[in-house]
Amino acid sequence: MFKNELEIDVGRCLAALLKKKKFIGLITILFFIAGLGLTLNVGEDEYTAVATVYAAADGSYADATNAVTAMNAYLNVANSHKVSQRAALIIGRSDVSASDVQGAVSVNSSSTKSSSSSAISSFMNISATIISFSATTNDPALSMEMADAMAQSYAIEMSDILNTDSVKTLDNAYTYTMSKNATVDAWKKRILAMAAGFVFACAIVVLCEIFDRKVRTVREASVRESIPVIGLIPDYKE
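And the structure:
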C-alpha cells in the first residue's frame, strides 16, 4: 500500500495565497482594527531632562583619587529615598512626592578608570567623576525641576557624608528632549498588529494547502512517479 508523503509545492502555495487574498486582507484588517481598539488611549508624551554633578579634588593625586572613589562608593545614595525626599521638598509641589521623584529619575555615572596617562592628568587636577540625573515625566518643566532638584539634593547629602564641598553641580537641566512620542508609539503597535494579522492569515492558507490531501497532479496520483500511469483522461470542453 502506497502512502503519499508530505510535499511542499511552493508554486501551489503561492497560487493559494493569491486565491485567498480576500481572506488574507480581511484578517489583516480585523487585526488592525483590534490593534486600533487596544491603543485608542495613546497615553501621554514623555520628556527627559538631565542635570549633572561632579566630584573633583585639587592638590595631590591621592586627594583626587579619594574624591573619585568616594563618589563611586556612594553612588547608591544618588537615588535613595532620602535624597528623593529632599528633592521633592526643593521642588515644593504638593502633587510631587518622594516616590514620584524616585520613580521618575535614573542615575548614571561616567567615571574614568585611571591609566598611566590619566594618573598624570589626575595629578594635574583634571580628575572628575560625573553623575547624571535623568528625570522623565509627562511635563517638560517638571522633568527639568526634578533633575535639578535631585542634583542639588545629592550634593547636599554628599556634603553631609564627606564633610567636604567636593560634590558640585556641573550642568543644570536647561533643556529637555522628547523621550516618548505617544502617538507614534501607538501607530507602531497598530502597524505591528496589522503585520501580525497578515502573517497569521498567510500561515493559515499555506498550512491548509500543505495538509490538503487532494490529488491534483499526475505526480501526486502516481506517488511521486512510483506507480506506473496507464493513461490520462483529458478535460473535455465543448
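Adding 66 to a residue's 1-based position in the sequence shown gives its number in this note's numbering. Glycine is no exception: its CB is placed at the ideal position from the N, C-alpha and C atoms. Predicted, not measured: the structure shown is a model, and the values here were computed from it.
Leaving out the 5 sequence neighbours to the left and right, which residues in its chain are closer than 6 Å to residue 237 when beta-carbon positions are compared?
Contacts found: 118.
Could you pull the start and end residues of the beta strand (DSSP E) that residue 112 belongs to?
Looking at the DSSP string, the run of the beta strand (DSSP E) that includes residue 112 is 112 to 121.
Among residues of its own chain, excluding the 5 on either side of residue 198, which ones have a beta-carbon nearer than 6 Å to its beta-carbon?
116, 118 and 174, listed in sequence order.
Check whether the region 258 to 276 touches the region 78 to 90, counting contact only when three or more Cβ pairs, one atom from each stretch, lie closer than 8 Å.
Judged by Cβ distances under 8 Å, the region 258 to 276 makes contact with the region 78 to 90, as three or more pairs qualify.
Counting C-beta neighbours from all protein chains within 10 Å, is the total for residue 263 16 or more, i.e. buried, or is it exposed?
Classification for residue 263: buried.
Name the DSSP beta bridge partners of residue 231, please?
Paired residue(s): none; residue 231 is not in a bridge.
For residue 256, does the count of other Cβ atoms within 10 angstroms reach 16, so buried, or fall short, so exposed?
It counts as buried.
Taking just the CA atoms, how far does residue 204 sit from residue 191?
Bear in mind that a pLDDT of 42 at residue 191, under 50, signals an unreliable position, so the number given afterwards is only what the model happens to contain. So the two alpha carbons sit approximately 40 Å from each other.
Let me check one thing: in DSSP terms, what residues is residue 105 bridge-paired to?
DSSP, once it has assigned bridges, lists no residue as partnering residue 105.
Whose C-beta lies closer than 8 Å to the C-beta of residue 247 among residues of the same chain, with five residues either side of it excluded?
Excluding positions up to five away in sequence, the list reads 111.
Using three-state DSSP, classify residue 237 as helix, strand or coil.
DSSP places residue 237 in strand when its eight states are reduced to three.
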